[in-house]
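Peer 1: Sharing a structure here in structure tokens format.
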Amino acid sequence: MSTGTKRRRTASDAGSKAPTTKGGAHDAPLTRLNELLTDAITTAKAIKRARKDDPALQKAHKLANSLLKALPLSEVTAPKDVGYNIHKGSLERGVRALEVHCRHDPIDGWEQQGEMMWDISGEIVKWLPELWGFMAEDEVDPELIRPALILCSNTVGSMSGCESRAEYTDMSCEVKIINSKGETVYEEDASLDNSLAWMWRELFVFAASRKKPTKAILDDIRRLNIVDDVLELIRVPEKRTSREDDMHLWDDHWSKAMKDSGAQLRVALSKK
1 MSTGTKRRRT ASDAGSKAPT TKGGAHDAPL TRLNELLTDA ITTAKAIKRA RKDDPALQKA
61 HKLANSLLKA LPLSEVTAPK DVGYNIHKGS LERGVRALEV HCRHDPIDGW EQQGEMMWDI
121 SGEIVKWLPE LWGFMAEDEV DPELIRPALI LCSNTVGSMS GCESRAEYTD MSCEVKIINS
181 KGETVYEEDA SLDNSLAWMW RELFVFAASR KKPTKAILDD IRRLNIVDDV LELIRVPEKR
241 TSREDDMHLW DDHWSKAMKD SGAQLRVALS KK
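Under full-length UniProt numbering, the final residue of the sequence shown carries the number 272; numbering is consecutive throughout.
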């Protein structure tokens, strides 16, 4: 028979196990979530190639961003990379090479210069759908997109200004943009200036409809001397037109807030 004194169990002893039980209950969903995310990352890495305008890919990006917003830690945000630094280096190198070629062979080098212009334009054409996809995400700051559009516009301006027999302004590029629902929101085969004017319009409308600052965007539109181009892409409420006449506007995806913002842009750009 033991003669030792039995230790009495106190309230603090009983309570000491509570956090373990409570923590376990809270940890279970997170553990499951982490397991699912690990599987999802493995699946994502297995995807070798996908078009950047692929609706399924855009939906995957949107779901990933929605997940981060749903987590209880509000300071967790999605790291955004629109590829600015990579494209900046590539486009600037392309323009420099084109300008050098134009200086050295302004008469007979026009065919090669035309090919160089196509290569530079092709990079922009592939980038624009990705930029619009980022633009369409509610949580993306328009300031992330603005430098990219400035880069594209300046690049096109540099090509237009090259003294070459290959007239860049005569070239047309096919740009097609598809939203996360698989709907075509823009499709034109025209000068890249036209597509960029549409992108600048979209950037302002998205920003204004979300109550984001728009002054810098307006300043850029004026500085780039594309006010008239952008105005032509904004519907005039009191003007009666056919659907065929309005096809070039590509604004069927606009919400009520975006339509109001489009009207706001027209007023702002119409001011002298």
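All C-beta atoms in this analysis are idealised placements derived from N, C-alpha and C, irrespective of residue type, glycine included.
Quick caveat: nothing in here was measured; it's all calculated off a predicted structure.
So what's C102 in DSSP terms, helix, strand or just coil?
Peer 2: Taking the sequence shown and counting its residues from 1, the one referred to as residue 102 is at position 102. In this structure, C102 counts as helix in the three-state DSSP scheme.
Peer 1: Compute the Euclidean distance between the alpha carbons of I120 and A136, then round it to the nearest angstrom.
Peer 2: On the sequence shown, position 120 is the one that residue 120 refers to. On the sequence shown, position 136 is the one that residue 136 refers to. Cα to Cα, I120 sits roughly 25 Å from A136.
Peer 1: Out of A44, S261 and V175, which one is the CA nearest neighbour of A64?
Peer 2: In the sequence shown, counting from the first residue as 1, residue 64 sits at position 64. Minimum Cα distance to A64 is reached at A44.
Peer 1: What is the rounded straight-line gap between the Cα of M1 and the Cα of T38?
Peer 2: Walking along the sequence shown from the start, residue 1 turns up at place 1. Walking along the sequence shown from the start, residue 38 turns up at place 38. With a pLDDT of only 46 at M1, under 50, the local geometry of the prediction cannot be trusted, and the value read off the model is given with reservation. Cα-Cα distance, rounded: 56 Å.
Peer 1: First and last residue of the alpha helix (DSSP H) that includes D229?
Peer 2: Taking the first residue of the sequence shown as 1, we reach residue 229 at position 229. D229 -> alpha helix (DSSP H) spans V227 to L231.
Peer 1: Under a three-way DSSP split, which group does K39 fall into?
Peer 2: Counted from its first residue, the sequence shown places residue 39 at position 39. With the sequence shown as reference, residue 39 is identified as Asp, and Lys is not the correct amino acid for it. Annotated three-state conformation of D39 is helix, per DSSP.
Peer 1: With DSSP run on the structure shown, which of helix, strand or coil describes V156?
Peer 2: Your numbering for residue 156 matches position 156 in the sequence shown. Here DSSP, grouped into helix, strand and coil, assigns V156 to helix.
Peer 1: Compute the Euclidean distance between the alpha carbons of A60 and S158, then round it to the nearest angstrom.
Peer 2: Walking along the sequence shown from the start, residue 60 turns up at place 60. Walking along the sequence shown from the start, residue 158 turns up at place 158. If you take the alpha carbons of A60 and S158, they lie about 36 Å apart.
Peer 1: Have a look at D193 and E232 and give me their C-alpha separation to the nearest angstrom.
Peer 2: Looking up residue 193 in the sequence shown gives position 193. Looking up residue 232 in the sequence shown gives position 232. Near 13 Å, if we compare the C-alpha coordinates of E232 and D193.
Peer 1: Step through the CB atoms of chain B and report whether any lies within less than 7 Å of the CB of I221.
Peer 2: Looking for chain B here will not work: only one protein chain is present.
Peer 1: Just to check my reading of the structure: H101 and G109 have Cβ atoms closer than 8 Å, yes? What is that Cβ distance to the nearest angstrom?
Peer 2: Here residue 101 is taken as the residue at index 101 of the sequence shown, counted from 1. Here residue 109 is taken as the residue at index 109 of the sequence shown, counted from 1. With a Cβ gap of about 6 Å, H101 and G109 count as contacting.
Peer 1: What whole-angstrom Cβ distance do S91 and E111 have, given they're in contact under 8 Å?
Peer 2: Start at 1 with the first residue of the sequence shown, and residue 91 comes out as number 91. Start at 1 with the first residue of the sequence shown, and residue 111 comes out as number 111. Reading the sequence as shown, one finds Leu at residue 91 and not Ser. Contact doesn't hold; Cβ gap of about 21 Å is too wide.
Peer 1: Rounded to a whole number of angstroms, what is the C-alpha to C-alpha distance between R103 and S160?
Peer 2: Within the sequence shown, residue 103 is the residue found at index 103, counting from 1. Within the sequence shown, residue 160 is the residue found at index 160, counting from 1. Taking the straight line from one Cα to the other gives about 14 Å.
Peer 1: Quick test of your reading: S172 and S191, contact by CB under 8 Å. State the CB separation rounded to the nearest angstrom.
Peer 2: On the sequence shown, residue 172 is found 172 positions in, with the first residue counted as 1. On the sequence shown, residue 191 is found 191 positions in, with the first residue counted as 1. Indeed, because the Cβ distance is near 6 Å, the residues count as touching under 8 Å.
Peer 1: By how many angstroms is the C-alpha of V185 removed from the C-alpha of W250?
Peer 2: On the sequence shown, position 250 is the one that residue 250 refers to. On the sequence shown, position 185 is the one that residue 185 refers to. Spanning the two alpha carbons is a distance of roughly 6 Å.
Peer 1: Indicate the three-state DSSP secondary structure (helix, strand or coil) for D54 in the structure shown.
Peer 2: Here the question's residue 54 lines up with position 54 in the sequence shown. The answer is coil: DSSP assigns D54 none of H, G, I, E or B.
Peer 1: Using three-state DSSP, classify A190 as helix, strand or coil.
Peer 2: On the sequence shown, position 190 is the one that residue 190 refers to. Of the three classes helix, strand and coil, the one that applies to A190 here is strand, per DSSP.
Peer 1: By the 10 Å Cβ neighbour count, where 16 or more other Cβ atoms means buried, how is S195 classified, buried or exposed?
Peer 2: Translated into the one-based positions of the sequence shown, residue 195 becomes position 195. Under this definition S195 is a buried residue.
Peer 1: In angstroms with no decimal places, state the Cα-to-Cα distance between A197 and A46.
Peer 2: By 1-based counting over the sequence shown, the position of residue 197 is 197. By 1-based counting over the sequence shown, the position of residue 46 is 46. Computed Cα separation, rounded: 37 Å.
Peer 1: Are there three or more Cβ pairs, one per stretch, closer than 8 Å when the segment 250-264 is compared with the segment 218-225?
Peer 2: no
Peer 1: Report yes if the CB atom of V205 is closer than 7 Å to the CB atom of G262, and no otherwise.
Peer 2: Reading the sequence shown from its first residue, position 205 is the one you call residue 205. Reading the sequence shown from its first residue, position 262 is the one you call residue 262. Closer than 7 Å, so yes.
Peer 1: Which of helix, strand or coil does DSSP assign to I234?
Peer 2: Counting from 1 along the sequence shown, the entry for residue 234 is found at position 234. In the displayed model, I234 falls within coil according to three-state DSSP, outside both helix and strand.
Peer 1: Less than 7 Å separating the beta-carbons of E183 and V175?
Peer 2: The residue you call residue 183 lines up with position 183 of the sequence shown. The residue you call residue 175 lines up with position 175 of the sequence shown. 7 Å or more divides the Cβ of E183 from the Cβ of V175.
Peer 1: Quick one: is A148 buried, meaning 16 or more other Cβ sit within 10 Å of its Cβ, or exposed?
Peer 2: As a first step, residue 148 is located in the sequence shown; it is residue number 148 there, counting from the start. By the 10 Å Cβ count, A148 comes out buried.
Peer 1: Do S209 and M247 have their C-beta atoms closer together than 7 Å?
Peer 2: Residue numbering aside, residue 209 sits at position 209 when the sequence shown is read from its first letter. Residue numbering aside, residue 247 sits at position 247 when the sequence shown is read from its first letter. No, Cβ-Cβ distance for S209 and M247 is not below 7 Å.
Peer 1: Let me know the secondary structure DSSP gives I178 once reduced to three states.
Peer 2: Position 178 of the sequence shown, counting from 1, holds the residue named residue 178. I178 falls in the strand class under three-state DSSP.
Peer 1: Measuring CA to CA, which of V227, G83, V236 and D138 is closest to S66?
Peer 2: What you label residue 66 is simply residue 66 of the sequence shown in a count that begins at 1. Among V227, G83, V236 and D138, the Cα nearest to that of S66 belongs to D138.
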